[in-house]
Structure formats: C-alpha cells, structure tokens
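A.B. asks: Take this structure first; my questions come after.
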Amino acid sequence: MISKILFIGPMGAGKTTAITAVSDSEPITTEADNLDRAQSDKATTTVALDYGEIYLDEDSSVLLYGMPGQDRFDFMWPILAEGALGAVLLLDHSHPDAVAQLDHFLEAFAALVSCGALVVGVGRVQNSQDIGVYQAHLKAKGLALPVYATDVRHKQNVLLLIETLIANAELNEILER
Amino acid sequence: MDTLRLASHGLSKHDQEILSKQLKMLRGRTACEWVLVDDYRSADVTLVQGQPPSDMPGIIALASTKAGKSGRYHLIEWPIRLFGLIDLLMAIELEWPARAATPLPTLSLAHRLARIRQDQWLDVAGMVAQAFQAKDEFRTTVSSFDELIERLASIDGASVRFVEGHHPLADQEAALEPYSLKAVIWSLALREEAIKSRQWHISQQQFGIATWPLFGTWETAPWMLRLAALYGRQPATLADGVELTGLRVELVAAFLHACELCELGLTVKQSTRPPRIESKLPAPESLLARLRRKLGLGYKRT
Numbered sequence: 001m002i003s004k005i006l007f008i009g010p011m012g013a014g015k016t017t018a019i020t021a022v023s024d025s026e027p028i029t030t031e032a033d034n035l036d037r038a039q040s041d042k043a044t045t046t047v048a049l050d051y052g053e054i055y056l057d058e059d060s061s062v063l064l065y066g067m068p069g070q071d072r073f074d075f076m077w078p079i080l081a082e083g084a085l086g087a088v089l090l091l092d093h094s095h096p097d098a099v100a101q102l103d104h105f106l107e108a109f110a111a112l113v114s115c116g117a118l119v120v121g122v123g124r125v126q127n128s129q130d131i132g133v134y135q136a137h138l139k140a141k142g143l144a145l146p147v148y149a150t151d152v153r154h155k156q157n158v159l160l161l162i163e164t165l166i167a168n169a170e171l172n173e174i175l176e177r
Numbered sequence: 178m179d180t181l182r183l184a185s186h187g188l189s190k191h192d193q194e195i196l197s198k199q200l201k202m203l204r205g206r207t208a209c210e211w212v213l214v215d216d217y218r219s220a221d222v223t224l225v226q227g228q229p230p231s232d233m234p235g236i237i238a239l240a241s242t243k244a245g246k247s248g249r250y251h252l253i254e255w256p257i258r259l260f261g262l263i264d265l266l267m268a269i270e271l272e273w274p275a276r277a278a279t280p281l282p283t284l285s286l287a288h289r290l291a292r293i294r295q296d297q298w299l300d301v302a303g304m305v306a307q308a309f310q311a312k313d314e315f316r317t318t319v320s321s322f323d324e325l326i327e328r329l330a331s332i333d334g335a336s337v338r339f340v341e342g343h344h345p346l347a348d349q350e351a352a353l354e355p356y357s358l359k360a361v362i363w364s365l366a367l368r369e370e371a372i373k374s375r376q377w378h379i380s381q382q383q384f385g386i387a388t389w390p391l392f393g394t395w396e397t398a399p400w401m402l403r404l405a406a407l408y409g410r411q412p413a414t415l416a417d418g419v420e421l422t423g424l425r426v427e428l429v430a431a432f433l434h435a436c437e438l439c440e441l442g443l444t445v446k447q448s449t450r451p452p453r454i455e456s457k458l459p460a461p462e463s464l465l466a467r468l469r470r471k472l473g474l475g476y477k478r479t
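Chains as they are written, first to last, in this note's numbering: chain X, 1 to 177; chain S, 178 to 479.
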C-alpha cells in the first residue's frame, strides 16, 4: 500500500529540509546551482524533485515528494497531486510576494484544497500577527485551511503539519463512507 | 433588575427576526433585562443600519465593519453575532445611569481578556500582567506558560482588576515575560465549562469555524486537530464532534467556546437533523493508523 505526501511551495521555502526531517531514508535530492536568483537567492535549488519515504512495513510506505518551486515545473504538479494524502505548502514570510504565492498554489492544487487536504506552514515569521495575514486572506476566500508558523528545521514542526493532514484524511474517510 | 428598551432602524425583516432571537438567547446573561420595542422614539437604545435620523433619542449603536465606539455612537460588527451583541449590551449597561445598583454577571477571565480592546494592566491575585490587544501580547512576571495558565485558571474572572493607562509597576516591563494573548485566552477557554455557560444543545445546533486555531503556537492536542478539521469543513453538531473524537461533550464545547473567544469565526445555527458522523476510526491496520504510530502521533479515544 503506497500513499504520498507532497511538499510544495516557492523556491527556498524549505521543502528539502522538511522532507529530510521526517524521511526514513536519506532523501534523494536533485540540487543544482541556482541560476534563477530572481526567485530566490539560495545557492542551490531542486531541479527535478526531492524524494523521501516513511516505511510502514514491507508492503507499505508513504512517499514524500518535494516538488520544484519554479513556475516552469508546474506541469508536474497535477500529475504528482493525483491520489496524494495531502500537501504541505511551505511559504517564506520574508518574501515580499508570499501572499500572492499562496494564491498561486491554492489555484494550482485546487482539488486538494477542496477536500481540506492542504496545510500551510509559514517560515521566518516574527510573531503570531504575521500568520494573521494569511488567515485573513484565506478567510476572505471562504477557505478554512490550517496555517501555522513553522520552522522546518525542527522535526516537531514538520510532524504537526503531517498530523494535520492525517486528521483531515481521517475525516475524509469517515465522510466518504 | 432594570429594563432597557431596544429598537432597530434600517434592518430588514429577516435581520429584525434574528435580532429578536439573539436577544432571547441572551436572556439572563446581562445585568439588565432587554426588551424589543417597535418605535425608536420610545427606545433607550436603537440599533441602526445606515444613517440614523437626526431626531433619534437615546443611545445609538451603528452597524459597522468593526466593534467599538466612534464619537457618541456605539459600533457593532455586522452581521450581528451573539458575541458581538452581548458585548454591545454590556458596554451600554456600563454607561447606564442605574448601573451602580445592578451587579454585572460574573464573566470568566478568558471572556474578559477576549473583550479587551486596548492595552491594559491586570492585577491578578498579586500577579502583575499587561495585555496588549493590538500586539497580541500578554506580559507577566510568571516565567512558565504552563504555570501561568494553571494560576490564571484557578482565578475567578470577576476578581481580576483591569487598569487602563500607566501602571505604577510599568518600570518592570523589561522583566516581564511575553506570551501570546490569544494563546492565553485559548488555554483558559479550553478549561472552562462552556457547555453549561453557553447552554448549547448537543444535537440541535450546528457549529462551524472560519479559521483554524494557531496550532503549534497555541495549546495543541491531536483531538483538537480532528475537531478543527470537522468544524472547519462543514457545519456539525456537538454530537458529531463527540462521535469523531470519542471525547466528552464538555471538551468539544470547550473547544468551540475557545474558538469563539479567539475570534475564529464561530457560527451557530439551529439544526433539526440527526448527527451525521458515524465514526469508525481507522482500523489499527489502516495506513493512517500505522502512519500515526510510526511518527509517534498515536490517537487514543478516551
């Protein structure tokens, strides 16, 4: 039995770090020198996708996909979203267009959004009021989605994001019966 | 008990009916008895949507985008919610000349903190604290959040003294530990017996929330994630929440009460349908259950 969790978000938001925090195996990453300094000033970036795995037993595992944040890879998103348990959307609050990026990913992953299977983790926040910006934005769109302040270098933060997706998936199972 | 007459002006028939129902629901929760009258000229207070007539007597409360006061007008957020209405009525009661003879009902500390609209000092049984509503900060000399909540939860809200302006101990500000005010309200509200004070019905009212709690920053537990997923997705009854989590109804009600005090857009509407959730939690061998175990995120029904 295979399931998957997606880690999405703009370049430099911490997708590779988040997967590394919870993967049982050394994540397979496809980092290359970042030549797209307009989107992020980090030195390297994922050019194909990151791949990690949580082993449950011989036959079962949950695959962790970190999807490239650059727009030119967005053709891959619906393919990978198919059948996913949910998506962790990572944003960088220090980025001037973070709210616009939120909109971009909400639209790209509308199918997951519609069944509540998307949790937003916002990095580099100074205080809880920073999160209020995203909460208010979602509320104005009529979307009740979880938004947390997140530091993906801390495993507990990543686990909270995943546990939220599990809680939502459990609800979906019950509602679909 | 004093009786205050409330009229409306500019409200649709539908909104007038809602106001009437809300007043009935608040009966016994305010210091004065509030009755609706048809003609604003015979009212003590008039709730106005739009422009008030120039000859309107008494106290005027305007429907607005936010609560508070503007000049001589009280403002109430539109559409009117129970929480906003009781705040308005109690604010007006404080202004009412006869108020000194009428004791206000006891409010919990969480409720009183949630009503703060400006920076205030608190004298709480010898503990000094400062609440900054706009900055979402609660500063106190207590250095542990758990200890703070334990101490505050044991205090009767009515015994807390709120002080505006400069406090004699303001010089200690640098030594005060900063916490999130909402996190304090959230934790205190979770410990209150909301099911009694709110008089919510287990199966005849449906609840929804517009915004998720700030888990990770505020007190968090697995059952809260489940309830947030449920009430954030669709209107559901208290019974649905009990079925989904296996918790006592008192805890589910406390969660919703905390959502309301933290302004997460709690909605309550009447329901006649039976509970919809028939929870068969994931079998121990299901993928979700095994994923929980693997990550140390086990969930036990109580």
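Just so you know, even glycine gets a beta-carbon here, dropped at the ideal spot from N, CA and C.
Going by C-alpha distance, which of S:Gly442, S:Ala460, S:Ser219 and S:Val361 is nearest aspartate 323 of chain S?
C.D. replies: S:Val361
A.B. asks: Beta-carbon within less than 6 Å of alanine 87 of chain X's beta-carbon, same chain only, minus the 5 sequence neighbours each way: which residues are those?
C.D. replies: Leu6, Ile8, Phe109, Leu112 and Leu118
A.B. asks: What distance in whole Å lies between the Cβ atoms of isoleucine 269 of chain S and isoleucine 236 of chain S, which are believed to be in contact at a cut-off of 8 Å?
C.D. replies: Between the beta-carbon of isoleucine 236 of chain S and that of isoleucine 269 of chain S there is about 6 Å, and that keeps the pair under the 8 Å contact cut.
A.B. asks: Just the Cα atoms here: how many angstroms apart are alanine 100 of chain X and cysteine 115 of chain X?
C.D. replies: 22 Å
A.B. asks: Contact between the region 131-144 of chain X and the region 366-380 of chain S is defined here as three or more beta-carbon pairs at a separation below 8 Å; is this criterion met?
C.D. replies: no
A.B. asks: Run through chain S and tell me which residues come within less than 7 Å of lysine 139 of chain X, C-beta to C-beta.
C.D. replies: Ala387, Thr388 and Gly442
A.B. asks: List the DSSP bridge partners of glutamine 307 of chain S.
C.D. replies: S:Trp298 and S:Arg316
A.B. asks: Just reading off the beta strand (DSSP E) that leucine 64 of chain X is part of, what are its end residues?
C.D. replies: Residues 61-66.
A.B. asks: Going along chain X, which residues have a C-beta under 8 Å from glycine 187 of chain S?
C.D. replies: Per Cβ cutoff of 8 Å: no residues; glycine 187 of chain S is ~26 Å from chain X at best.
A.B. asks: Count the other C-beta atoms from every protein chain shown that fall within 10 angstroms of the C-beta of glutamine 126 of chain X, then say buried if there are 16 or more, exposed otherwise.
C.D. replies: Looking at its Cβ environment, which holds fewer than 16 other Cβ atoms inside 10 Å, glutamine 126 of chain X is exposed.
A.B. asks: Contact criterion: CB-CB distance below 8 Å. Does valine 99 of chain X meet it with respect to chain S?
C.D. replies: no
A.B. asks: Check the C-beta distance from leucine 353 of chain S over to threonine 317 of chain S and give it rounded, since I have them as a contact under 8 Å.
C.D. replies: 6 Å
A.B. asks: Please list, in chain order, the chain X residues whose beta carbon lies closer than 7 Å to that of serine 357 of chain S.
C.D. replies: Ser128
A.B. asks: Do you know offhand how far alanine 220 of chain S's Cα is from glycine 409 of chain S's?
C.D. replies: 39 Å
A.B. asks: What is the DSSP secondary structure of alanine 238 of chain S, counted as helix, strand or coil?
C.D. replies: strand
A.B. asks: Check whether the Cβ of threonine 242 of chain S lies closer than 8 Å to any Cβ atom in chain X.
C.D. replies: no
A.B. asks: Would you mind stating whether leucine 325 of chain S and tyrosine 356 of chain S have Cβ atoms separated by less than 8 Å?
C.D. replies: Yes, Cβ-Cβ distance for leucine 325 of chain S and tyrosine 356 of chain S is below 8 Å.
A.B. asks: Have a look at glutamine 226 of chain S and aspartate 192 of chain S and give me their C-alpha separation to the nearest angstrom.
C.D. replies: 10 Å
A.B. asks: Is threonine 20 of chain X helix, strand or coil when you go by DSSP?
C.D. replies: In the displayed model, threonine 20 of chain X falls within a helix according to three-state DSSP.
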